[in-house]
Amino acid sequence: MSLPKMIAAHPQVQDETEELVLAARHAMLCSLFCTSCADACVAEDMDMAQCIRNCLDCADVCAATARLAVRRTAQNIEVLRAQLETCIKACETCAAECAQHDNPHCQLCATMCRECAEDCRKALPLVK
Numbered sequence: 595m596s597l598p599k600m601i602a603a604h605p606q607v608q609d610e611t612e613e614l615v616l617a618a619r620h621a622m623l624c625s626l627f628c629t630s631c632a633d634a635c636v637a638e639d640m641d642m643a644q645c646i647r648n649c650l651d652c653a654d655v656c657a658a659t660a661r662l663a664v665r666r667t668a669q670n671i672e673v674l675r676a677q678l679e680t681c682i683k684a685c686e687t688c689a690a691e692c693a694q695h696d697n698p699h700c701q702l703c704a705t706m707c708r709e710c711a712e713d714c715r716k717a718l719p720l721v722k
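One gets the numbering used here by counting positions in the sequence shown from 1 and adding 594 to each.
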């Protein structure tokens, strides 16, 4: 199964936006990475409270972004654009925090967050 096929099957989709589909897929994946990173941060010996908070906030924003991006019936373009912008900010904030830590889970999370932010940046000008 693939997300592009699912969206293409929607009766009201005439102009499938490949970039938006990619952003939705990566936002959902980023949500999972951030959730996993937050959980791993709990097990660290140092104070990881800020990292945990940023990861959980980012996970929630990314999950919401993915859901909004795949809803194509009567889309509220202004809300979707605002959500993509929020996702970019949440991902950049999380990536900056995670990049400060040497542990592998934070490094992977930072990379995923940067990729997700970039995907959302690419999709944003095409959402009209």
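Using N, Cα and C, we set each Cβ at its ideal position, and we do this for glycine too. Please read these numbers as outputs of a predicted model, since none were measured by experiment.
Quiz prompt | Which of helix, strand or coil DSSP assigns to S625 | solution = The sequence position of residue 625 within the sequence shown is 31, counting from 1. Three-state result, S625: helix.
Self-check item: Close Cβ partners of K716 (< 8 Å) along its chain, the five nearest in sequence each way excluded
Solution: Mapped onto the sequence shown, residue 716 falls at position 122. Hits under 8 Å: E613, L616 and A617.
Quiz item: In chain order, what residues of the same chain lie with their CB nearer than 6 Å to the CB of E686, ignoring the 5 residues before and after it?
Solution: Here residue 686 refers to the residue found at position 92 when the sequence shown is read from its first residue. Here the set comprises A711.
Quiz item: Which value, in whole angstroms, describes the spacing of the CA atoms of S630 and Q701?
Solution: For the purposes of this step, residue 630 is taken as the residue at position 36 of the sequence shown. For the purposes of this step, residue 701 is taken as the residue at position 107 of the sequence shown. Each residue's alpha carbon lies about 12 Å from the other.
Practice problem: Quick one: measure Cβ to Cβ for C703 and C692, integer angstroms, because I've assumed they're closer than 8 Å. | Solution: The residue you call residue 703 lines up with position 109 of the sequence shown. The residue you call residue 692 lines up with position 98 of the sequence shown. With a Cβ gap of about 5 Å, C703 and C692 count as contacting.
Exercise. Could you check the C-alpha separation between A637 and A643 for me, to the nearest Å?
Key: In the sequence shown, residue 637 corresponds to position 43, counting from 1. In the sequence shown, residue 643 corresponds to position 49, counting from 1. One C-alpha to the other measures close to 11 Å.
Self-check item: DSSP state of K683 mapped onto helix, strand, coil
Solution: For this step, residue 683 is matched to residue 89 along the sequence shown. Three-state result, K683: helix.
Quiz prompt | Close-in-space but distant-in-sequence residues of the same chain around A634 (CB under 6 Å, 5 per side omitted) | solution = Indexing the sequence shown from 1 puts residue 634 at position 40. Excluding positions up to five away in sequence, the list reads H699.
Quiz item: With burial defined as no fewer than 16 other Cβ atoms inside 10 Å of the residue's Cβ, what is the status of M706: buried or exposed?
Solution: Within the sequence shown, numbered from 1, the residue matching residue 706 stands at position 112. Answer is buried; the Cβ neighbour count reaches 16.
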